[in-house]
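J.: Just dropping this structure here.
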Amino acid sequence: MKFIHTADWHLGKLVHGIYMTEEQRVVLEQFVQLVEEEKPDAVIIAGDLYDRSIPPTDAVDLLNDILFKINVELNTPIIAISGNHDSAERLSFGTSWYKHSHFYLKGKLTDDFSPIRLNDVYFHLVPYAEPGLVRQILQDESIHSHQDAMKSVIGKIEGQIDLDSPNIFVGHAFVLGGKETESERTLSVGGSGCVTSDLFSLFNYAALGHLHSPDALRHDSVRYSGSLLKYSFSEAKQRKSVSIIHVDSKGDINIEERLLSPARDMREIEGCLEELLDPAFYQKQKIDDYLKVTLHDEGALIDPINKLRQIYPNVLHLERKIDVMDMKQKQVFQSIRSEKKSELELFESFYQEMTTLDFSEEKREIMESVISVVKGEAERK
């Protein structure tokens with residue numbers, strides 16, 4: 127059997143004030159093409175189809191279009207669950223008749239842990255649920271953490287699993303040791319949001335969602351597919367892919383990857399403003415990418431972001447690079463008890479704090495002259 131593992135579509139995602147829906151459409155059209163070429167026996171979506179519980183209309187329309195193309199037009203079964211960003215109740219709408227077209231969507235966790243069987247492979251669907259909800263469903267007062275909840279749920283599955291056939295777990299969780307980015311919503315405070323990878327030893331493969339990199343966890347059979355797109359600059363160096371999983375009759379797993387190519391990448395560039403505005407530099411760049419720009423310039427700059435956007439229209443974040451030693455000097459300066467200072471001394475302190483440059487004798491003479499003129503004008507009035 128062959129299936130494609132994907133997750134964390136986050137349709138309707140807002141990044142630095144920009145809705146990513148059209149960028150997501152481009153990548154999802156590639157995904158549909160991949161499904162058409164590979165002809166898998168199923169597509170797994172391991173949670174976070176949407177980015178929020180009440181998604182924008184455009185995001186709902188996009189999900190509807192893509193799922194229709196995969197499930198109806200390409201006649202490919204879909205196995206999907208809700209993630210921590212989704213509304214379990216809203217995703218559960220229609221599930222009673224979806225399954226008649228081999229669209230198996232489990233939005234809400236229930237006490238029914240019956241697997242989905244396709245081509246003699248069993249898929250065990252466990253949508254995201256808070257420990258309190260799992261405690262209520264299983265009527266187990268010992269459940270207080272995600273580890274407790276997952277262990278109890280898998281215990282229920284174990285009671286009815288057929289180990290003579292391959293078993294695939296589909297879930298949305300933060301596995302201990304996984305690498306987070308700024309895009310993932312924290313599941314709980316401290317370590318109680320984590321689960322350990324050994325919980326999934328019962329299964330031939332665990333298709334997980336939540337962490338956004340396919341490299342977030344190094345494990346032979348427990349895997350994150352990663353997100354469709356980069357959703358923060360903490361993901362700028364990640365590659366984005368989907369996983370193609372081959373399962374033989376013995377349950378042995380073989381994994382392939384297919385990379386996805388967005389219309390606009392999310393990247394970081396840095397340098398002095400003059401350098402970044404030089405045609406010799408930007409003509410080698412894909413200037414319409416979403417960019418975080420770090421400037422190395424010292425001293426004041428006049429409207430740098432608008433100057434940059436004349437060349438790079440999608441600058442989303444701009445910051446200045448400050449030397450660590452300079453930061454220490456500033457902190458020391460700020461901690462010194464302020465004393466009565468002259469106008470020149472005050473300006474010198476301000477200048478050094480803002481620019482990290484030395485206040486030279488030439489600058490001192492200029493400012494003394496300016497202050498003298500201003501004070502003279504004030505006295506005449």
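Going by my numbering, the sequence shown opens with residue 127, and the numbers climb by one from there. The beta-carbon is built from N, C-alpha and C at its ideal position, and this holds for glycine as well. Please read these numbers as outputs of a predicted model, since none were measured by experiment.
Measure the alpha-carbon distance for Glu488 versus Leu427 and round it to whole angstroms.
T.: 21 Å
J.: For a quick check, are the C-beta atoms of Arg365 and Leu337 less than 8 Å apart?
T.: no
J.: If you run the structure through DSSP and keep just helix, strand and coil, what is Ile207?
T.: strand
J.: Since Asn293 is in the beta strand (DSSP E), which residue starts that stretch and which ends it?
T.: That run of the beta strand (DSSP E) goes 293-298.
J.: Ser213 bridges to which residues according to DSSP?
T.: Answer is none; Ser213 lacks a bridge partner.
J.: Can you list, in chain order, the residues of its chain with a C-beta nearer than 8 Å to that of Pro203? Leave out the 5 residues immediately preceding and following it.
T.: These residues qualify, in order along the chain: Asp167, Ala168, Val169, Asn197, His228, Phe229, Tyr230, Leu244.
J.: Give the single residue among Gln265, Asp290, Lys356, Leu472 whose Cα lies nearest to the Cα of Leu328.
T.: Proximity to Leu328 across Gln265, Asp290, Lys356, Leu472 peaks at Asp290, based on C-alpha coordinates.
J.: Out of Gly425, Glu383, Gln409, which has the shortest C-alpha to C-alpha gap to Val161?
T.: Selected option, being the one with the closest Cα: Glu383.
J.: Is the CB-CB distance between Asp518 and Pro439 below 8 Å?
T.: The structure shown does not extend to residue 518, since the chain is modelled only from 127 to 507, so the question has no answer here.
J.: Does the distance from the C-beta atom of Asp134 to that of Gly352 stay below 8 Å?
T.: yes
J.: Counting only runs that start and end within the segment 160-238, where is the beta strand (DSSP E) found for 3 or more residues in a row?
T.: Fully enclosed beta strand (DSSP E) runs of 3 or longer: 168-172, 204-207, 229-232.
J.: For my contact list, Val153 and Leu354 are in at a C-beta cut-off of 8 Å; report their separation, rounded to the angstrom.
T.: Under the criterion of beta carbons closer than 8 Å, Val153 and Leu354 qualify as touching, at roughly 5 Å.
J.: Could you give the residue range of the alpha helix (DSSP H) that holds Ile395?
T.: Element bounds for Ile395: not the alpha helix (DSSP H) but the beta strand (DSSP E), 392-397.
J.: Using beta-carbon positions only, say whether Ala275 and Ile283 come within less than 8 Å of one another.
T.: no
J.: Measure the C-alpha to C-alpha separation of Lys447 and Phe485 and round it to an integer number of angstroms.
T.: 20 Å
J.: Going by beta-carbon coordinates alone, are Pro388 and Glu149 separated by less than 8 Å?
T.: yes
J.: What would DSSP say about Ile130, mapped onto helix, strand or coil?
T.: strand
J.: Look at Val321 and Gln286 and say whether their C-beta atoms are less than 8 Å apart.
T.: No. Outside cutoff.
J.: For Ser278, name the three-state secondary structure that DSSP assigns.
T.: Look at Ser278 here: in three-state DSSP terms it is helix.
J.: Using DSSP bridges, identify the partner residues of Ile428.
T.: Under DSSP, Ile428 shares a beta bridge with no residue.
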